[in-house]
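Mapping the sequence shown onto full-length UniProt numbering, position 308 (from 1) lands on 308, and the numbers just tick up by one. Heads up, the beta-carbon is just placed ideally off N, CA and C, and yes, glycines get one too. In what follows, a single structure is set out as structure tokens and then discussed.
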Amino acid sequence: MRRPRGAHRTTRTSAAVLLGVLVVTAAALVLLLSTPRALLPDDEKASDSAIAGTEVLDRSIAPERNDSAVTTTSESGVTVTADESFLETDAFLLVNEEIASLTQDGTELGVVLLDLETGRGLTYDADTWRYPASCIKAAYCTMLLEDEDTRGEVSRELIEECLVDSSNDAYDALFTVYGLTAFSSWLIEHGAPEAGANALDHQYPSISAQELAVVWQEIWRFGTSGEPGALELTDYLGRTNYSPLGDLLREDGPREVWSKAGWYPQDEYDISATNDAGVVFSASGPYVLVVMTTISADLDALTPLIGALDAAHTEMSP
Numbered sequence: 001m002r003r004p005r006g007a008h009r010t011t012r013t014s015a016a017v018l019l020g021v022l023v024v025t026a027a028a029l030v031l032l033l034s035t036p037r038a039l040l041p042d043d044e045k046a047s048d049s050a051i052a053g054t055e056v057l058d059r060s061i062a063p064e065r066n067d068s069a070v071t072t073t074s075e076s077g078v079t080v081t082a083d084e085s086f087l088e089t090d091a092f093l094l095v096n097e098e099i100a101s102l103t104q105d106g107t108e109l110g111v112v113l114l115d116l117e118t119g120r121g122l123t124y125d126a127d128t129w130r131y132p133a134s135c136i137k138a139a140y141c142t143m144l145l146e147d148e149d150t151r152g153e154v155s156r157e158l159i160e161e162c163l164v165d166s167s168n169d170a171y172d173a174l175f176t177v178y179g180l181t182a183f184s185s186w187l188i189e190h191g192a193p194e195a196g197a198n199a200l201d202h203q204y205p206s207i208s209a210q211e212l213a214v215v216w217q218e219i220w221r222f223g224t225s226g227e228p229g230a231l232e233l234t235d236y237l238g239r240t241n242y243s244p245l246g247d248l249l250r251e252d253g254p255r256e257v258w259s260k261a262g263w264y265p266q267d268e269y270d271i272s273a274t275n276d277a278g279v280v281f282s283a284s285g286p287y288v289l290v291v292m293t294t295i296s297a298d299l300d301a302l303t304p305l306i307g308a309l310d311a312a313h314t315e316m317s318p
């Protein structure tokens, strides 16, 4: 299992560039530059320092439902959108058991499961900021391939290494050329405004499971659009290494899974992480799955929960 190299460096963008590109309000810019954003998962969110003039795509609500699904929060803190009877199923019981198993030692966990056709799904502690580690590379590479200006010039070899092998060197090389300003704007425009604000000065911006799920809705949209660059992106995401989501579910069916994991060991920076996120094309419909934890670099630890969540998706599908 490949570990990231040392501490991920951050790059701070000058106020002049921020003003010219992002049209930040004066008060928000002062707050942003005077109070550096740490990478710790429990950081205070920066919703009050929103970037003005950037349209935010709101995907906080899933596709409109026209069925019997209702939204309920269980005693265990899992919010479910499905038939009421789902909470009584063995599938939901198993999800609860796996969540309890992961969190019993104090591990923090964020989960989002969202059916992309019906809007059914579940969430658990999905709004807390956490360190994404290499999970964020999927968003950065999607940005580069979506944009007609960068798509024609960006190195496909670097994108492939960045996504398939999770190469930090490849990500650093892309970052050196294309920077953070455009990435910040892309995140904001595609429904992740808090991560976008953090991305102004962090190569690996903290993000919540909810915002990461919204980002993956955009990756799914682009990947299925037929637009230039989409086929290349999904080819890379469809064969990522070091992904418990891909390792478990690509062999089951087999099924197509686009995914990108991220992990970081516990060290002096105190930003340990084990995460995976992606889109699963199952027989019961495509769905986004995001699992973010503070586990120290142990991808295998996610496999039981991912299996339980996949079974839950099948059970809750109409």
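Going by beta-carbon coordinates alone, are residue i and residue j separated by less than 7 Å?
i      : j      : result
VAL280 : TYR287 : yes
ARG239 : VAL164 : yes
TRP129 : SER185 : no
ALA126 : LEU212 : no
VAL291 : VAL111 : yes
GLY246 : SER259 : yes
GLY285 : ASN275 : no
TYR264 : ALA133 : yes
LEU289 : LEU113 : yes
ALA273 : GLU98  : no
ILE159 : CYS135 : no
MET316 : ALA82  : yes
ILE271 : TYR131 : yes
THR293 : LEU109 : yes
HIS190 : GLU218 : yes
SER74  : LEU87  : yes
PRO228 : ASP67  : no
ALA197 : LEU180 : no
Answer yes or no: the CB of residue i versus the heavy atoms of the ligand NAP, is any distance below 6 Å?
i      : result
GLY196 : Questions concerning the ligand NAP fall outside what the structure shown contains, since it holds no ligand whatsoever.
Would you identify the three-state DSSP class for residue i, choosing helix, strand or coil?
i      : result
ILE306 : helix
PRO228 : coil
THR142 : helix
ALA301 : helix
VAL78  : coil
THR118 : coil
VAL95  : helix
THR71  : strand
SER317 : coil
Name the residue from the options whose alpha carbon lies nearest to the alpha carbon of residue i.
i      : options                        : result
ALA173 : PHE183, CYS162, ALA182         : CYS162
ALA91  : GLY121, ARG130, SER206         : GLY121
THR107 : LEU309, PRO318, ARG221, ASP298 : ASP298
ILE188 : HIS313, GLY307, LEU109, MET143 : MET143
LEU302 : SER74, THR89, LEU87, SER101    : SER101
GLU148 : ASP310, LEU289, ALA230         : ALA230
ALA69  : VAL78, SER76, GLU75, GLU84     : GLU84
TRP220 : LEU237, SER206, GLN210, TYR204 : LEU237
PRO254 : LEU233, SER282, PRO244, PRO228 : SER282
ILE295 : THR89, THR103, VAL177, SER167  : THR103
HIS313 : ASP67, LEU109, GLU75, THR118   : THR118
PRO205 : GLN217, VAL214, ALA192         : ALA192
THR71  : ALA195, THR89, ASP105, THR123  : THR123
ASP169 : GLN217, LEU87, GLN203          : GLN203
LEU116 : ASP105, TYR178, TYR171, VAL215 : VAL215
LEU233 : GLU146, ALA197, GLU251         : GLU146
PRO304 : PHE86, THR89, VAL78, ASN96     : ASN96
ASP310 : GLN266, ASP300, ASP252, ASP267 : ASP252
PHE175 : ASP201, ALA197, VAL257, THR89  : ASP201
PHE166 : TYR242, ASP267, ASP105         : Looking at the sequence shown, residue 166 is not Phe but Ser. Nearest of TYR242, ASP267, ASP105 to SER166, Cα basis: TYR242.
ASP300 : GLU256, ASP105, PRO244         : PRO244
GLU256 : ASP235, ARG151, GLN266         : ASP235
GLN210 : ARG250, GLY223, GLU194         : GLU194
Compare the C-beta of residue i with all C-beta atoms of chain D and state if any pair is closer than 7 Å.
i      : result
ALA230 : Among the chains in the structure shown there is no chain D, since it carries only a single protein chain.
From the DSSP output, which residues share a beta bridge with residue i?
i      : result
TYR124 : VAL111
VAL154 : Answer by DSSP bridge pairing: none, since VAL154 is not bridged.
THR103 : In DSSP, THR103 forms no bridge with anything.
Exercise for the section: Would you list, in sequence order, the uninterrupted alpha helix (DSSP H) runs of no fewer than 4 residues that lie entirely inside the UniProt domain "Beta-lactamase class A catalytic" (156-293)? Expected result: List check, alpha helix (DSSP H) in window: 156-164, 168-178, 181-189, 193-198, 209-223, 230-237, 244-249.
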